[in-house]
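Everything below concerns the one structure shown next.
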């Protein structure tokens with residue numbers, strides 16, 4: 006009897022545990038193909054191109070397995086040149102497999118779990134998520150949920166705050182495309198004046214604050230910028246948004262851009278970007294290790310945007326620091342040559358000072374290449 010009592014688990018757990026575990030990951034946990042293949046490779050059979058063996062190949066675990074077996078398995082991964090993070094990821098996958106069997110009394114112990122707990126994995130900085138543009142592009146490309154992908158590209162391309170992304174309504178988004186024209190007409194939406202004459206532009210107003218009723222809806226998250234900001238939309242972000250808008254359900258006023266995946270299509274829950282985008286999908290696509298998503302949050306993209314777009318950053322092209330501040334919605338303190346607040350300059354000469362410079366410099370994730 007298991008610790009949950011006599012639950013009469015499928016006999017395949019006992020007769021064909023590998024096959025049943027993989028079936029469980031696909032049909033119950035609904036992991037992505039990429040994640041499923043990674044699990045298969047480390048638990049069942051390693052690819053021919055690797056210098057390490059999968060758990061089922063390396064350890065005769067059905068008859069008996071010991072701590073020595075688990076430690077030897079870990080050692081062969083290290084000997085094959087696997088980095089600390091990769092070793093931990095692979096061990097966690099095997100640990101998860103054995104945990105499922107242990108909970109069903111198929112096996113009597115989980116030595117890999119013990120090895121994971123006793124090992125001080127030497128990551129450079131376990132609290133820091135340092136990813137390149139290519140890394141984030143691969144992550145976004147692997148997200149099959151069109152809303153989550155578009156939300157992620159929006160964060161990644163603009164560095165806007167979680168609340169600002171959460172609060173976007175259709176009236177604050179201008180896309181030059183027939184699909185969006187139809188969406189606006191279908192919902193009887195009129196674009197706000199700030200972007201009505203600026204195609205392929207997102208407008209982030211300074212309001213609402215947390216708890217404020219804005220556009221007839223009490224907002225659970227607030228916009229924290231000091232002034233409204235027009236943000237250019239490049240071709241890659243536009244494609245991601247249109248893909249989502251083509252399948253987005255009909256909504257009622259104020260017509261939020263992002264909607265709940267089930268039930269009445271109202272604005273998404275305020276925790277959705279964390280739970281889905283930077284937790285579930287980050288793990289499923291392999292961007293971060295299972296259970297190690299703490300530092301990867303919607304706010305992380307603000308740092309990512311800044312790091313890549315400031316002069317001397319990771320990206321070969323850059324923007325003036327004041328322009329990065331403008332797009333992020335930071336408080337401006339710099340002045341132009343004539344002493345004018347530079348933020349006012351950007352507002353007055355937006356086309357040349359903001360749009361053209363941004364579109365020339367912004368990195369590409371390669372999602373649709």
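Numbering (our numbering), first residue to last: 6 to 374. Positions of the beta carbon are idealized from the N, C-alpha and C atoms, including for glycine. For clarity, every value in this text was computed on a predicted model and none was experimentally measured.
Asked                                                                                                                                                                   : Found
Could you check what DSSP says for residue 83 in three-state terms: helix, strand or coil?                                                                              : helix
Using a Cβ-Cβ cutoff of less than 7 Å, which residues in the same chain neighbour residue 212 once the five nearest sequence positions on both sides are dropped?       : 219, 228
In angstroms, rounded to a whole number, what distance separates the CA positions of residue 78 and residue 64?                                                         : 8 Å
What do you reckon, is the C-beta of residue 162 under 8 Å from a heavy atom of the ligand GTP?                                                                         : This structure simply doesn't include the ligand GTP, nor any ligand for that matter.
Taking residue 109 and residue 14 to be in contact with their CB atoms under 8 Å, please state how far apart those CB atoms are, rounded to whole angstroms.            : 5 Å
If we count the other Cβ atoms within 10 Å of its Cβ and call it buried at 16 or more, is residue 51 buried or exposed?                                                 : buried
Please report how far the alpha carbon of residue 332 lies from the alpha carbon of residue 185, in whole angstroms.                                                    : 23 Å
What are the boundary residues of the beta strand (DSSP E) that includes residue 207?                                                                                   : 206–209
Look at the alpha carbon of residue 329 and the alpha carbon of residue 139, and state the distance between them as a whole number of angstroms.                        : 21 Å
When you compare only the Cα positions, how much space is there between residue 7 and residue 305?                                                                      : Confidence at residue 7 is low in this model, with a pLDDT of 47, below 50, so the placement of that residue is unreliable and no value is reported for it.
Over the uninterrupted alpha helix (DSSP H) stretch that includes residue 237, give me the two end residues.                                                            : Premise fails: residue 237 lies in the beta strand (DSSP E), 234–237, not in any alpha helix (DSSP H).
Helix, strand or coil for residue 352? Go by DSSP, reduced to three states.                                                                                             : helix
Are there three or more Cβ pairs, one per stretch, closer than 8 Å when the region 224–242 is compared with the region 162–181?                                         : yes
Answer yes or no: do residue 90 and residue 120 have a C-beta to C-beta separation smaller than 9 Å?                                                                    : no
From residue 54 to residue 94, what distance separates their C-alpha atoms?                                                                                             : 19 Å
Below 8 Å on the Cβ atoms is my guess for residue 136 versus residue 291; work out the distance and round it to an integer in Å.                                        : Contact doesn't hold; Cβ gap of about 12 Å is too wide.
Within 10 Å of its beta-carbon, does residue 278 have 16 or more other beta-carbons around it, so buried, or fewer, so exposed?                                         : buried
So, for residue 164: in the same chain, excluding its five sequence neighbours on each side, which residues have a beta-carbon less than 7 Å away from its beta-carbon? : 306, 307, 310, 311, 332, 333
Taking residue 162 as part of the alpha helix (DSSP H), name the residues at either end of that continuous run.                                                         : 151–163
Shortest alpha-carbon distance to residue 38 belongs to which of 300, 288, 241, 318?                                                                                    : 288
Which two residues bound the contiguous alpha helix (DSSP H) that contains residue 312?                                                                                 : 305–314
Report buried or exposed for residue 209, applying the criterion of at least 16 other Cβ atoms within 10 angstroms of its Cβ.                                           : buried
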